[in-house]
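Visitor: Its first residue numbered 3, the sequence shown is counted upward by one per residue in the numbering used here. Once you've had a glance at the structure underneath, I'll fire off some questions.
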Amino acid sequence: MSDPHEYAIERIGREAGRKIFATTGIGDPYRTGVPLPIFLALLRGFPDAFGATTGELADRFGFVRRAPDPASADLDEREGLPIGMHATVDPITGVPFVVTSCALCHAEKVRWRGGEALVVGLANKRVKIHAYDRAFSDVVGKPGFSVERLGRLAAEEAARKKIAWPDTYREAFTAAAVAALQQRARDRGELHARTRLDPPGRVATIEAFAVVLGQLTGRPVDFAPTVGWAKVPDVIGFAQKTTLSWDSSAQGPMDLLVVEADVAAGVRVAWLEQHPGQGPSLGAYLRQPAPRPAFPGKIDRDLAARGARVFDKECARCHGRYTPDGRVVDYDEEAVSAEELGVDPARVQAATASFERAANDPALTRGYTKFERSSGYVPPILSNVWARAPYGHAGQWPTLAYLATPPGKRAPRFVVDLGALYDLDAVGVAVLPAEAPAGRDAYVHDAAQPGFSVLGHSYLADTGPEARAVVEYLKTL
Ligand code: HEC
Ligand code: HEC
Numbered sequence: 003m004s005d006p007h008e009y010a011i012e013r014i015g016r017e018a019g020r021k022i023f024a025t026t027g028i029g030d031p032y033r034t035g036v037p038l039p040i041f042l043a044l045l046r047g048f049p050d051a052f053g054a055t056t057g058e059l060a061d062r063f064g065f066v067r068r069a070p071d072p073a074s075a076d077l078d079e080r081e082g083l084p085i086g087m088h089a090t091v092d093p094i095t096g097v098p099f100v101v102t103s104c105a106l107c108h109a110e111k112v113r114w115r116g117g118e119a120l121v122v123g124l125a126n127k128r129v130k131i132h133a134y135d136r137a138f139s140d141v142v143g144k145p146g147f148s149v150e151r152l153g154r155l156a157a158e159e160a161a162r163k164k165i166a167w168p169d170t171y172r173e174a175f176t177a178a179a180v181a182a183l184q185q186r187a188r189d190r191g192e193l194h195a196r197t198r199l200d201p202p203g204r205v206a207t208i209e210a211f212a213v214v215l216g217q218l219t220g221r222p223v224d225f226a227p228t229v230g231w232a233k234v235p236d237v238i239g240f241a242q243k244t245t246l247s248w249d250s251s252a253q254g255p256m257d258l259l260v261v262e263a264d265v266a267a268g269v270r271v272a273w274l275e276q277h278p279g280q281g282p283s284l285g286a287y288l289r290q291p292a293p294r295p296a297f298p299g300k301i302d303r304d305l306a307a308r309g310a311r312v313f314d315k316e317c318a319r320c321h322g323r324y325t326p327d328g329r330v331v332d333y334d335e336e337a338v339s340a341e342e343l344g345v346d347p348a349r350v351q352a353a354t355a356s357f358e359r360a361a362n363d364p365a366l367t368r369g370y371t372k373f374e375r376s377s378g379y380v381p382p383i384l385s386n387v388w389a390r391a392p393y394g395h396a397g398q399w400p401t402l403a404y405l406a407t408p409p410g411k412r413a414p415r416f417v418v419d420l421g422a423l424y425d426l427d428a429v430g431v432a433v434l435p436a437e438a439p440a441g442r443d444a445y446v447h448d449a450a451q452p453g454f455s456v457l458g459h460s461y462l463a464d465t466g467p468e469a470r471a472v473v474e475y476l477k478t479l
């Protein structure tokens with residue numbers, strides 16, 4: 003096991019957690035990473051699959067771009083790795099490995115008229131993690147995918163960029179990377195076929211986990227008929243929540259759940275056991291999130307005060323109560339059945355009986371966590387909710403104005419333009435009519451696609467003329 007020094011936690015705490023979240027990730031580079039020279043060789047050798055540069059790679063898969071800075075002492079900055087990608091140096095060989103951190107999915111640049119902010123912890127709306135994963139499988143079948151060619155390209159890239167790539171190891175690393183990618187392509191063929199829809203900012207979490215659980219338990223884990231697409235959530239509610247999923251299906255100590263999820267990304271249970279300070283550090287960080295930008299548009303304070311009273315009557319029983327500065331004070335997490343809500347059930351139905359069995363295998367959980375199939379969704383904590391669109395577990399509601407529309411009157415098909423400025427009037431992502439020409443950063447939301455119904459949650463619409471006041475109040479949280 004390669005264990006770079008930066009993964010040793012000297013002191014459990016917020017700063018160590020921040021570093022994991024924003025930069026280094028959980029680790030286990032031999033399992034979760036790719037040697038940097040091979041990574042660069044893949045970009046150069048297969049620009050159609052990955053993009054020719056790290057900037058093109060970021061654009062293609064929805065990562066947040068970072069411009070290369072050749073003068074920087076930091077390797078990530080020098081290479082212009084997107085936010086959430088990191089080069090960690092293997093202490094055995096000196097070779098940097100590209101790994102990913104939480105910020106790959108949980109960081110977002112919000113742009114509105116007159117300003118912008120990079121908010122770590124807010125969901126990346128564009129990330130297409132399955133497409134990225136698939137790109138590694140797609141190249142395996144292409145002409146030019148061979149140990150010889152990748153080895154040559156990797157050596158050229160390492161020499162050109164002065165990256166450590168010792169003669170004694172390069173052949174072994176190249177052969178191992180090629181074999182690992184071939185094996186991965188075989189293991190994940192069915193997952194890749196099922197997730198080709200690639201809705202941005204959504205992850206087939208249960209399906210991705212199912213593949214890994216099947217490998218770890220040695221028994222097949224079935225997929226549900228419909229993919230349970232889940233929008234990447236905002237992590238701002240960590241301190242008050244008791245589970246980490248939209249459907250509350252996995253229970254256990256929060257500081258354990260927060261690292262356990264990385265097993266789906268390839269981290270070994272043994273790695274987690276050898277780094278017990280990571281979970282509590284992430285917890286310390288997530289329990290005290292950095293201040294977020296306040297709603298940057300105009301707020302009618304009188305209207306908001308009226309909305310607050312309606313909120314306490316109609317919404318607080320599920321979403322909790324909030325202090326004037328938007329902190330939640332009275333929240334007890336409890337899922338509400340999808341049927342009662344009237345929202346799409348695909349995500350709660352994604353875990354099958356064989357999934358539940360595998361997820362509770364004591365060899366994996368050591369008895370610390372419990373997975374129980376759920377029938378409902380958790381009411382999200384609404385602090386900083388203005389910045390979080392598209393809303394709902396599948397990102398099925400593009401704006402608060404849309405959520406305030408009675409379910410039967412919501413447009414079932416529309417274009418979301420992620421390249422446009424954030425809409426401070428409707429409060430959410432920019433929406434265009436279904437027939438509008440879709441730009442490069444636009445996608446069509448079609449409620450007829452399984453998993454993407456826009457119905458349900460009529461509570462806000464049910465407040466009738468008061469809905470405007472409630473939305474005004476939500477802007478203040
Ligand atoms: C591939 C994208 C991705 C990466 C990388 C990722 N997450 Fe997540 N995260 C998700 C998704 C998707 C969910 C929702 C899961 C579900 O319910 O299906 C989630 C849920 C969460 C939640 C629960 C939020 C809430 O209040 O509901 C927390 C906290 C969290 N992740 C923290 C982390 C940490 C810490 C890391 C890094 C160790 C990480 N995530 C890495 C996609 C990601
Ligand atoms: C019976 C419980 C319940 C009540 C009452 C309720 N909600 Fe919700 N709310 C939920 C659940 C559950 C979700 C998540 C639905 C999903 O993920 O598909 C949700 C989602 C939301 C979201 C999207 C949040 C996000 O992070 O995407 C907003 C905004 C919201 N509710 C506002 C309100 C307002 C305003 C009211 C009162 C007018 C209200 N809710 C009343 C349960 C409730």
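Ideal Cβ placement from N, Cα and C applies to all residues, glycine included. Predicted model only: the values in this text are computed from it and were never measured.
I think A352 touches A195, with their Cβ atoms under 8 Å apart; what is that distance to the nearest whole Å?
Guide: In fact, because the Cβ distance is near 16 Å, the residues do not count as touching under 8 Å.
Visitor: Run through DSSP, which three-state label would W167 get?
Guide: Three-state result, W167: coil.
Visitor: What is the C-beta distance between E81 and T102, in whole angstroms, given that I count them as a contact (C-beta under 8 Å)?
Guide: Not really, about 14 Å apart at Cβ, beyond 8 Å.
Visitor: Per DSSP, what kind of secondary structure is Q184 in: helix, strand or coil?
Guide: The answer is helix: DSSP assigns Q184 an H, G or I state.
Visitor: Using alpha carbons as the reference points, say which of A413, L457, S455 lies closest to E437.
Guide: Ranking the options by Cα distance to E437, first place goes to A413.
Visitor: Going by DSSP, what residue range makes up the alpha helix (DSSP H) through R113?
Guide: Looking at the DSSP string, R113 is not in any alpha helix (DSSP H); the run it does join, the beta strand (DSSP E), is 109 to 114.
Visitor: Residues in the same chain with beta-carbon distance under 7 Å from S376, minus the five sequence neighbours each way, listed in chain order, please.
Guide: Closer than 7 Å at Cβ, skipping near neighbours: D249, S250, S251, A337, V350.
Visitor: What residue range does the beta strand (DSSP E) around M87 cover?
Guide: Residues 87 to 91.
Visitor: Within 10 Å of its beta-carbon, does G369 have 16 or more other beta-carbons around it, so buried, or fewer, so exposed?
Guide: Exposed is the call here.
Visitor: Give the single residue among H7, P31, W167 whose Cα lies nearest to the Cα of R270.
Guide: Comparing Cα positions, the closest option is P31.
Visitor: Indicate the three-state DSSP secondary structure (helix, strand or coil) for V431 in the structure shown.
Guide: Note: V431 maps to coil in three-state DSSP.
Visitor: Compare the beta carbon distance of L343 and G458 with 8 Å and say whether it is the shorter of the two.
Guide: Closer than 8 Å, so yes.
Visitor: Pick from W114, L183, R115, A105: whose alpha carbon is nearest that of G143?
Guide: Among W114, L183, R115, A105, the Cα nearest to that of G143 belongs to L183.
Visitor: Could you give the C-beta distance for G19 and L284, rounded to a whole number, given that I count them as a contact under 8 Å?
Guide: With a Cβ gap of about 4 Å, G19 and L284 count as contacting.
Visitor: Within the present structure, is the beta-carbon of G27 separated from the nearest heavy atom of ligand 1 by less than 7 Å?
Guide: G27 Cβ: within cutoff of ligand 1.
Visitor: Starting from the N-terminal side, write out each stretch of the alpha helix (DSSP H) that is 4 residues or longer and does not extend beyond the region 236 to 305.
Guide: Runs of the alpha helix (DSSP H) inside the region 236 to 305: 256 to 262, 271 to 276, 280 to 289.
Visitor: Does the beta carbon of Y379 fall short of 7 Å from some heavy atom of ligand 2?
Guide: Yes, ligand 2 has a heavy atom inside 7 Å of this Cβ.
Visitor: Just reading off the beta strand (DSSP E) that L42 is part of, what are its end residues?
Guide: Counting along the chain, L42 falls outside any beta strand (DSSP E), though it belongs to the alpha helix (DSSP H) covering 38 to 47.
Visitor: How would you label M3, buried or exposed, when you count the other beta carbons within 10 angstroms and need 16 or more for buried?
Guide: With fewer than 16 other Cβ atoms within 10 Å, it is exposed.
Visitor: Please classify G153: is it buried, with 16 or more other beta-carbons within 10 angstroms of its beta-carbon, or exposed?
Guide: Classification for G153: buried.
Visitor: Is it a yes or a no for the region 417 to 426 touching the region 456 to 475, going by three-plus beta-carbon pairs under 8 Å?
Guide: No, the region 417 to 426 does not touch the region 456 to 475.
Visitor: Could you tell me which of R329, L274, V97 sits nearest to P293, measuring between CA atoms?
Guide: Nearest C-alpha to P293: R329.
Visitor: Tell me whether R90, by its Cβ, gets closer than 7 Å to a heavy atom of ligand 1.
Guide: The displayed chain sequence assigns Thr, not Arg, to residue 90. No - ligand 1 has no heavy atom lying nearer than 7 Å to the Cβ of T90.
Visitor: Could you tell me whether the region 132 to 139 touches the region 307 to 318, where touching means 3 or more Cβ pairs closer than 8 Å?
Guide: No, the region 132 to 139 does not touch the region 307 to 318.
Visitor: Could you check how far apart the C-beta atoms of T95 and T26 are, in whole angstroms? I think they sit under 8 Å.
Guide: Actually they are not in contact, since the Cβ atoms of T95 and T26 sit about 18 Å apart, beyond 8 Å.
Visitor: Hey, how far is the Cα of G268 from the Cα of G230?
Guide: Taking the straight line from one Cα to the other gives about 21 Å.
Visitor: Using beta-carbon positions only, say whether Q217 and K372 come within less than 8 Å of one another.
Guide: It is not a contact, given that the beta carbons lie outside the stated cut-off.
Visitor: With DSSP collapsed to three states, give me the class of F175.
Guide: Looking at F175 - three-state DSSP - the assignment turns out to be helix.
Visitor: Any idea what DSSP makes of W399, helix, strand or coil?
Guide: Correct three-state label for W399: strand.
Visitor: Which residue wins for smallest C-alpha separation from G35, given the options F48, P382, A10, V97?
Guide: Here the closest residue by C-alpha is V97.
Visitor: So, with DSSP's three-state summary, where would you put A161?
Guide: A161: helix per DSSP, three-state reduction.
Visitor: Cα separation between V473 and I14?
Guide: Roughly 39 Å separates the two Cα atoms.
Visitor: DSSP puts A232 in a beta bridge; with which residues?
Guide: A232 is bridged to V205.
Visitor: If you measure from the CB of G397, is any heavy atom of ligand 1 nearer than 7 Å?
Guide: The answer is no for G397.
Visitor: Quick check on T25: does DSSP put it in helix, strand or coil?
Guide: Helix.
Visitor: Which residues does DSSP list as the beta-bridge partners of H447?
Guide: According to DSSP, which records beta bridges pairwise, H447 is partnered with F416.
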